[in-house]
Amino acid sequence: MIKTDALIIGAGPTGLFTAHQLKLIGLNCEIVDNLDKIGGQCIELYPDKPIYDIPAIPECTGEELTNNLIEQLKPFNIKFHLSERVDELKKNNSNWEIKTNKGTKFSTPNVIIAGGVGSFEPRKFNLKECQKYENNSVLYSVKDKTVFKGKTVSIFGGGDSAVDWAIELSKDSKVNLIHRRDEFRGAQLNVNKVHDLNKSGKIKLFTKYQLKTVNGKDNLENIEIESDDKEIKKLDTDYILGFFGLIMQLGPIADWGLNIDKKTIPVDTEKFETNQKGIYAVGDICNYPGKLKLILSGFHEGALAARACFKLARPDEKYRFEFTTSSKTIKNRLGIKE
Ligand SMILES: Cc1cc2nc3c(=O)[nH]c(=O)nc-3n(C[C@H](O)[C@H](O)[C@H](O)COP(=O)(O)OP(=O)(O)OC[C@H]3O[C@@H](n4cnc5c(N)ncnc54)[C@H](O)[C@@H]3O)c2cc1C
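Okay, here's the thing in structure tokens:
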């Protein structure tokens, strides 16, 4: 059981800046995110798009903003739990106990939900039989590419992920790339490369095909794919990888006994506390009169929620407001020597 002053759910811009605010006032925190990377919507949905309304930054991309937020957190050595979804949250005396889908457990007086529009989940194969092999031979992301070495991998999808992984894995694996259309949406340079690799026999390309059946015992052995003209092909395969994009779901957050209004969590605007003491909601997921779903609003909300956490984490101490420019304590926390 990990004990911490505050647990942040969501590593989007709001969760990241909230962590900064908690650490500045001397509280510990850890961050859990279902994605395999830090940055929330900024990194998942628009890493290359310029943002023009971050105060004092005239222009930066989603990726640049994320990198700057990570840089700002560097002095604090914060522990991130990525690719983990917070599933359970229940009260145990004065603390909250939290459990992730990977079994990691936390105990904390403060939970800050910075869950945006909910957790990003991969869009999965419609075929029910695929569930039997999920996380084993049927995968929706690549955590460790070495597992595919010398194996046959059937990749489904037509976007950048499918195209890029087909190219990458074709170096050490037999690769089938299957897409339900003729045209790929990936970067043209890489799409051309896939066609070249198909010509040289390094990748077997099947367009206008979809998954029809999966066969095997404990592990996947072969699959059948069906074309638009109902032609069926049987392919021996060890793994299938599906890259169909992400869907956003409020997911388990809806089951934690919190008031929910139109997929958002109502909060007060003093502490950003929910209807449960010690649970706060900040960023896109929170809701109050006048709420703007903007990054700058999330920063303000996180700063106030962090101060509210102090009372429960340090009941015997008094929170003292200090400026970063003049506080020696804060400079110490930042590792700044004068
Ligand atoms: C195309 C586009 C352009 C935009 N342009 C701008 C702009 O120009 N300016 C601006 O201010 N805003 C812009 N926005 C909005 C901005 O991106 C959001 O306001 C911001 O990302 C909200 O940050 P957040 O941290 O609250 O949530 P998010 O960025 O959504 O992050 C939430 C994180 O929580 C995780 N999560 C949720 N539930 C769980 C769970 N149970 N367990 C673990 N993890 C969980 C999710 O995986 C996600 O990573 C834009 C949005 C889009 C889509």
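Residue numbers for the sequence shown follow my numbering, beginning at 44 and rising by one.
The beta-carbon is built from N, C-alpha and C at its ideal position, and this holds for glycine as well.
Practice problem: Would you identify the three-state DSSP class for residue 277, choosing helix, strand or coil? | Solution: strand
Quiz item: Can the beta-carbon of residue 290 be found closer than 9 angstroms to that of residue 163?
Solution: yes
Quiz prompt | Beta-carbon contacts of residue 362 that lie in its chain and below 8 angstroms, excluding the five residues immediately before and after | solution = 68, 350, 353 and 354
Exercise. Classify residue 380 as helix, strand or coil using the three-state DSSP reduction.
Key: coil
Quiz item: Can you give the Cα-Cα distance for residue 279 and residue 213, rounded to whole angstroms?
Solution: Whole-angstrom Cα-Cα distance: 16 angstroms.
Exercise. With hydrogens ignored, establish whether the beta-carbon of residue 85 is closer than 8 angstroms to any heavy atom of ligand 1.
Key: yes
Quiz item: Cβ of residue 295 within 8 angstroms of any heavy atom in ligand 1?
Solution: yes
Quiz item: How close, in whole Å, do the beta carbons of residue 73 and residue 122 come, if the pair is a contact with beta carbons under 8 angstroms?
Solution: 5 angstroms
Quiz prompt | Alpha carbon of residue 222 to alpha carbon of residue 109, nearest angstrom | solution = 32 angstroms
Practice problem: Give me the Cα-Cα distance between residue 57 and residue 262, rounded to the nearest whole angstrom. | Solution: Residue 57 and residue 262 have their alpha carbons spaced roughly 41 angstroms apart.
Quiz prompt | One or two residues paired with residue 270 in a DSSP bridge | solution = 252
Quiz item: DSSP beta-bridge partners for residue 291?
Solution: 163
Quiz item: At what residues does the alpha helix (DSSP H) containing residue 234 begin and finish?
Solution: 231–242
Quiz item: At which residues does the alpha helix (DSSP H) containing residue 340 begin and terminate?
Solution: 338–356
Practice problem: For the beta strand (DSSP E) holding residue 6, just list the boundary residues, first then last. | Solution: An answer regarding residue 6 cannot be provided, because it is not within the stretch 44 to 381 covered by the chain.
Exercise. Helix, strand or coil for residue 191, going by three-state DSSP, please let me know.
Key: helix
Quiz item: Is the beta carbon of residue 143 sitting closer than 9 angstroms to the one on residue 75?
Solution: yes
Quiz item: CB of residue 89 to nearest heavy atom of ligand 1: below 8 angstroms?
Solution: yes
Quiz item: Counting along the chain, where does the alpha helix (DSSP H) carrying residue 139 start and finish?
Solution: No alpha helix (DSSP H) holds residue 139; the beta strand (DSSP E) holding it covers 138–143.
Quiz item: Are the beta-carbon atoms belonging to residue 245 and residue 206 less than 9 angstroms from one another?
Solution: In this structure, residue 206 does not lie closer than 9 angstroms to residue 245 by Cβ.
Exercise. Put residue 375 into one of helix, strand or coil per three-state DSSP.
Key: helix
Quiz item: Quick one: what does DSSP say residue 98 is sitting in, helix, strand or coil?
Solution: Three-state result, residue 98: coil.
Practice problem: Please classify residue 315: does DSSP put it in a helix, a strand, or coil? | Solution: In the three-state DSSP reduction, residue 315 falls in the coil class, being neither helix nor strand.
Quiz item: Regarding residue 56 and ligand 1, is the C-beta to nearest heavy atom distance less than 8 angstroms?
Solution: yes
Quiz item: Can you find at least 3 beta carbon pairs, one from the segment 266–277 and one from the segment 227–242, that sit closer than 8 angstroms?
Solution: no
Exercise. Could you check how far apart the C-beta atoms of residue 282 and residue 126 are, in whole angstroms? I think they sit under 8 angstroms.
Key: Not a contact, Cβ separation roughly 18 angstroms.
Quiz item: Hey, is the segment 50–66 in contact with the segment 80–95, meaning 3+ C-beta pairs nearer than 8 angstroms?
Solution: yes
Practice problem: Over the uninterrupted beta strand (DSSP E) stretch that includes residue 285, give me the two end residues. | Solution: Per DSSP, residue 285 belongs to the beta strand (DSSP E) from 282–285.
Practice problem: Could you round the C-beta distance between residue 130 and residue 295 to whole angstroms and report it? I think they count as a contact, below 8 angstroms. | Solution: Confirmed, Cβ separation roughly 5 angstroms.
Practice problem: With a cut-off of 8 angstroms on the beta carbons, I'd call residue 257 and residue 268 a contact; round off their distance for me. | Solution: Their Cβ separation, rounded to whole angstroms, is 10 angstroms, which puts residue 257 and residue 268 out of contact at 8 angstroms.
Self-check item: Close beta carbons around residue 306, own chain, < 6 angstroms, minus the five adjacent residues each side
Solution: The beta carbon of residue 306 lies closer than 6 angstroms to those of 293 in the same chain, with the five residues before and after it left out.
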